[in-house]
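One structure is given below, encoded as structure tokens.
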Amino acid sequence: AQSVTQLGSHVSVSEGALVLLRCNYSSSVPPYLFWYVQYPNQGLQLLLKYTTGATLVKGINGFEAEFKKSETSFHLTKPSAHMSDAAEYFCAVSESGTSYDKVIFGPGTSLSVIP
Amino acid sequence: KAGVTQTPRYLIKTRGQQVTLSCSPISGHRSVSWYQQTPGQGLQFLFEYFSETQRNKGNFPGRFSGRQFSNSRSEMNVSTLELGDSALYLCASSPRDLKRVPQETQYFGPGTRLLVL
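Each protein sequence line maps, in turn, to chains A and B.
All residue numbers for the first sequence refer to the working numbering, where the first residue is 985 and numbers rise by one.
All residue numbers for the second sequence refer to the working numbering, where the first residue is 3 and numbers rise by one.
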């Protein structure tokens, strides 16, 4: 069965420091992987996705993530945190089922950026 | 281009009632997905419609249903409301297939906040 784990429900980084948000998944077949961001009192936004091909995926706002099959991970990184990056981040996995694709979200990681 | 719009933005219902939420996707987008967000259960995928057909669905009871019209607008309906249905319901649209079209992205509406009393 699919599942998504996000290590650390809350992460704090200093402005200008590396952002690393961890995501591990379980899937019985090659998955599709996503990172979403939700800014305070706003809707969701798709940051990036892995479907096929290159395992290092670049997204919006300077974020990127690397799909590592051997580690069943899809960690999100950004070289230098900005105050505007403070938000809730969700990792999601989707795999093809016999009838329907299933989409499972992780519990989310709240990112704080300290000036 | 106008973004994804959802109506109403806020709604208060009582247990046992039913509710219909509406989502208008970005012009030209044919895929519409619905999600539920609650403090307890987090984000959960409800279903996805493409060209008036339900293409994918999550693990929700039959009280949750949806449909998509020929203009790609979508509605979701919840019958016999329960207190636990109180949530933010998010709708998102994409042109065709977010998973199988590499360059495709997805856009979310602001959500409908439903309170069941």
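Virtual Cβ for every residue (Gly too), placed ideally from N, Cα, C.
Can you confirm whether residue i, when its beta carbon is compared against all beta carbons of chain A, has any partner nearer than 8 angstroms?
{"i": "V86 of chain B", "result": "Before going further, note that residue 86 of chain B is Gly rather than Val in the sequence given. Answer no: the Cβ-Cβ gap between G86 of chain B and chain A never drops below 8 angstroms."}
{"i": "G111 of chain B", "result": "yes"}
{"i": "N58 of chain B", "result": "yes"}
{"i": "Q108 of chain B", "result": "yes"}
{"i": "F47 of chain B", "result": "yes"}
{"i": "R69 of chain B", "result": "no"}
Measuring straight from C-alpha to C-alpha, what distance separates residue i and residue j?
{"i": "D99 of chain B", "j": "G86 of chain B", "result": "31 angstroms"}
{"i": "V1077 of chain A", "j": "S81 of chain B", "result": "29 angstroms"}
{"i": "E106 of chain B", "j": "P97 of chain B", "result": "7 angstroms"}
{"i": "F1089 of chain A", "j": "N73 of chain B", "result": "29 angstroms"}
{"i": "S1094 of chain A", "j": "L1005 of chain A", "result": "9 angstroms"}
{"i": "G64 of chain B", "j": "L83 of chain B", "result": "12 angstroms"}
{"i": "Y1020 of chain A", "j": "V997 of chain A", "result": "19 angstroms"}
{"i": "G1043 of chain A", "j": "Y1034 of chain A", "result": "10 angstroms"}
{"i": "T989 of chain A", "j": "F1051 of chain A", "result": "15 angstroms"}
{"i": "F1074 of chain A", "j": "V34 of chain B", "result": "20 angstroms"}
{"i": "Q43 of chain B", "j": "L116 of chain B", "result": "15 angstroms"}
{"i": "V6 of chain B", "j": "C93 of chain B", "result": "8 angstroms"}
{"i": "I1098 of chain A", "j": "E999 of chain A", "result": "6 angstroms"}
{"i": "Y109 of chain B", "j": "T1039 of chain A", "result": "23 angstroms"}
At what residues does the beta strand (DSSP E) containing residue i begin and finish?
{"i": "N79 of chain B", "result": "76–80"}
{"i": "L100 of chain B", "result": "No beta strand (DSSP E) holds L100 of chain B; DSSP gives it neither H nor E."}
{"i": "Q46 of chain B", "result": "44–52"}
{"i": "Q38 of chain B", "result": "33–40"}
{"i": "Q70 of chain B", "result": "66–70"}
{"i": "E1079 of chain A", "result": "1071–1079"}
{"i": "H1066 of chain A", "result": "It is not in any beta strand (DSSP E) - H1066 of chain A carries neither H nor E in the DSSP assignment."}
{"i": "V6 of chain B", "result": "First-last for V6 of chain B: undefined, no H or E at that position."}
Please compile the residues from chain B whose C-beta is within a distance smaller than 9 angstroms of the C-beta of residue i.
{"i": "S987 of chain A", "result": "Within 9 angstroms Cβ-Cβ: nothing; S987 of chain A doesn't reach chain B, min ~13 angstroms."}
{"i": "L1095 of chain A", "result": "Correct list: empty, because the minimum Cβ distance to chain B is about 16 angstroms."}
{"i": "Y1073 of chain A", "result": "None at all; the shortest Cβ gap to chain B is about 11 angstroms."}
From the beta carbon of residue i, is the nearest beta carbon of chain B less than 8 angstroms away?
{"i": "V1087 of chain A", "result": "yes"}
{"i": "Q1029 of chain A", "result": "yes"}
{"i": "T1039 of chain A", "result": "no"}
{"i": "S1010 of chain A", "result": "no"}
{"i": "S1078 of chain A", "result": "yes"}
{"i": "Y1023 of chain A", "result": "no"}
What residues of chain B sit near residue i, judged by a beta carbon separation below 7 angstroms?
{"i": "P1091 of chain A", "result": "G44"}
Just checking: is the beta-carbon of residue i within a distance shorter than 8 angstroms of some beta-carbon in chain C?
{"i": "L92 of chain B", "result": "Structure shown: chain C not included; protein chains present are A and B."}
Using a C-beta to C-beta distance shorter than 8 angstroms, which residues of chain A count as neighbours of residue i?
{"i": "R98 of chain B", "result": "Result: empty, since nearest Cβ-Cβ is about 13 angstroms, beyond 8 angstroms."}
Could you tell me which chain A residues have their CB closer than 9 angstroms to the CB of residue i, listed as they occur along the chain?
{"i": "P104 of chain B", "result": "K1033, T1035, T1036, G1037"}
{"i": "K15 of chain B", "result": "The premise fails here: K15 of chain B is roughly 22 angstroms from chain A at the closest Cβ pair, so nothing lies under 9 angstroms."}
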